[in-house]
Amino acid sequence: MKLSHPVEDDFVFVNISRPDEIKSASTQRTIRRHVMRDIGRSRRTRPEQRTWSVGLRAPSDPVTEHIPAPIDPCNTTFYPTPMSDRALQLMHFMTTDRDYVFRPFRTVWFSMALTDATAILVALANAAMFLDQRLRAQGYQYETSTECLSYYGQCVRQVTHRLADTRESISQGVITAILGLTCHDLYVGTLDRWKIHISGLGRILHLRGGYRGLDDSITRFAIWLDVVGSVMEDSRPRLPTPPGYAARIPDMLSPTLRSLLRDLIARYDCFRDVAAAFSYASFIVQYTDGSLCRSETAWVNEDNLTVIELFGPATHFLLSMSRPTELDPIATENPILYLREALRLVLLLFLATMKQDIFLFTAHERQYLQWKLSTLIPQMERTDYDDSSRVVS
Numbered sequence: 003m004k005l006s007h008p009v010e011d012d013f014v015f016v017n018i019s020r021p022d023e024i025k026s027a028s029t030q031r032t033i034r035r036h037v038m039r040d041i042g043r044s045r046r047t048r049p050e051q052r053t054w055s056v057g058l059r060a061p062s063d064p065v066t067e068h069i070p071a072p073i074d075p076c077n078t079t080f081y082p083t084p085m086s087d088r089a090l091q092l093m094h095f096m097t098t099d100r101d102y103v104f105r106p107f108r109t110v111w112f113s114m115a116l117t118d119a120t121a122i123l124v125a126l127a128n129a130a131m132f133l134d135q136r137l138r139a140q141g142y143q144y145e146t147s148t149e150c151l152s153y154y155g156q157c158v159r160q161v162t163h164r165l166a167d168t169r170e171s172i173s174q175g176v177i178t179a180i181l182g183l184t185c186h187d188l189y190v191g192t193l194d195r196w197k198i199h200i201s202g203l204g205r206i207l208h209l210r211g212g213y214r215g216l217d218d219s220i221t222r223f224a225i226w227l228d229v230v231g232s233v234m235e236d237s238r239p240r241l242p243t244p245p246g247y248a249a250r251i252p253d254m255l256s257p258t259l260r261s262l263l264r265d266l267i268a269r270y271d272c273f274r275d276v277a278a279a280f281s282y283a284s285f286i287v288q289y290t291d292g293s294l295c296r297s298e299t300a301w302v303n304e305d306n307l308t309v310i311e312l313f314g315p316a317t318h319f320l321l322s323m324s325r326p327t328e329l330d331p332i333a334t335e336n337p338i339l340y341l342r343e344a345l346r347l348v349l350l351l352f353l354a355t356m357k358q359d360i361f362l363f364t365a366h367e368r369q370y371l372q373w374k375l376s377t378l379i380p381q382m383e384r385t386d387y388d389d390s391s392r393v394v395s
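In our numbering, the protein residues as written are 3 to 395.
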């Protein structure tokens with residue numbers, strides 16, 4: 003049986019001789035250190051590692067990260083910077099609208115924002131935007147959401163200032179703030195801004211030598227936000243992958259599909275990665291089907307990270323596959339490559355549909371992928387795929 007810590011550990015005593023000494027820097031530092039203890043402990047706790055070898059069963063303990071329930075968003079001691087009354091109102095709104103609005107990873111982002119004075123600004127920008135949407139309803143326009151844009155601008159200016167400092171520019175705080183900006187950009191659909199921020203993040207990771215020393219949550223969301231933005235324009239991911247990321251492709255193909263793909267690979271070696279892509283998709287299908295059959299839909303919890311663990315590696319792999327013109331500069335003379343490309347797009351569309359319809363995660367990429375697939379179909383209709391003279395390496 004796990005022993006609980008003594009009740010005395012929940013309290014800290016400070017000695018003051020005058021009432022105004024409660025505001026002194028040393029006293030406030032003591033209080034802040036104590037109240038942030040549980041948050042630090044929760045961040046240091048690593049989620050149980052999952053491997054593809056146990057993929058046929060849904061995990062009994064979903065991967066989640068959260069801030070401790072007792073945290074009061076109106077308690078100023080929790081924040082890394084002084085907060086105005088209005089800022090506290092916004093943070094309170096963000097933590098109380100969960101009863102009627104589903105916001106994926108709400109408290110995960112909240113706990114990350116609490117670690118840095120710049121990152122908290124983008125959290126305030128999001129809160130102001132969501133409150134504005136609720137108050138103005140049909141009349142809401144992002145371009146006129148003054149308070150949101152003000153906080154966003156403050157965050158950008160602080161990031162820019164910190165980038166001028168060699169040490170600060172590669173700090174976890176700056177990286178967290180930039181991740182917040184990229185998430186905001188994707189939500190509002192400003193893909194041009196997202197490209198600037200994700201490219202800058204890539205340069206920072208290059209300068210610091212990768213992800214070493216960063217919290218697991220930072221690494222996880224960096225890869226995820228890279229994938230979410232890249233799939234919206236079907237481009238290759240921008241960021242480097244951490245060591246061991248998706249190192250093992252799941253082996254989940256049915257005998258019939260395995261046989262069909264084996265025959266294709268025997269004739270056209272370029273379909274080898276298509277087989278791997280189908281393995282990823284099959285794993286997600288079997289995981290989801292098993293979870294639904296057991297009524298274990300843990301992903302309906304806002305702070306569950308299953309959607310990242312499932313769709314991140316699969317989408318990253320599909321986006322990293324070579325395109326027809328990369329395999330053959332004169333792809334128009336090799337229609338087999340169009341079949342391969344069509345299968346890649348179909349799998350991306352399939353993942354997007356599952357992500358949105360079952361996992362309740364918006365898939366902005368669907369319309370673009372549908373259009374891109376529709377332009378390929380006419381080029382495939384008159385192709386003789388049984389022509390044995392075609393050999394693609």
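Glycine included, each C-beta is placed from N, C-alpha and C at the ideal position.
Note that this is a predicted model, so its numbers are computed, not measured.
By the Cβ criterion, the stretch 242-253 is in contact with the stretch 314-332, since at least three pairs of Cβ atoms, one from each stretch, lie closer than 8 Å. In this structure, the straight-line span from the alpha carbon of Val230 to that of Thr192 is close to 13 Å.
Bounds of the alpha helix (DSSP H) holding His94 are Asp87 to Thr98.
Counting along the chain, the unbroken alpha helix (DSSP H) around Thr290 starts and ends at Arg274 to Cys295. A residue is called buried when at least 16 other Cβ atoms come within 10 angstroms of its Cβ; Thr364 does not meet this threshold and is exposed.
A contact is defined here as three or more CB-CB pairs under 8 Å, and the stretch 182-201 meets this definition with respect to the stretch 223-242. Each residue's CA atom was taken as its position, placing Arg136 and Asn336 some 53 Å apart. Judged by beta-carbon spacing, Pro315 lies beyond the 7 Å limit of Glu343, meaning their Cβ atoms are not closer than that value.
For Pro252, the number of other beta carbons within 10 angstroms of its own is at least 16, and it is reported as buried.
Of the other Cβ atoms in all chains shown, 16 or more fall within 10 Å of the Cβ of Tyr153; this residue is therefore buried. Here DSSP, grouped into helix, strand and coil, assigns Tyr270 to strand. Cβ contact annotation for Pro244 (same chain, cutoff 8 Å, sequence separation greater than five): Gly212, Tyr213, Thr221 and Ile225, in chain order. Taking C-alpha positions only, Asp271 is separated from Ile338 by approximately 11 Å.
Within 10 angstroms of the beta-carbon of Tyr142 lie fewer than 16 other beta-carbons, which makes it exposed.
The residue among Glu170, Ile286, Glu304 and Asn303 with its C-alpha nearest the C-alpha of Leu349 is Ile286. Here Asn303 carries a coil assignment [DSSP, helix/strand/coil].
The C-alpha of Val176 is placed about 14 Å away from the C-alpha of Pro82.
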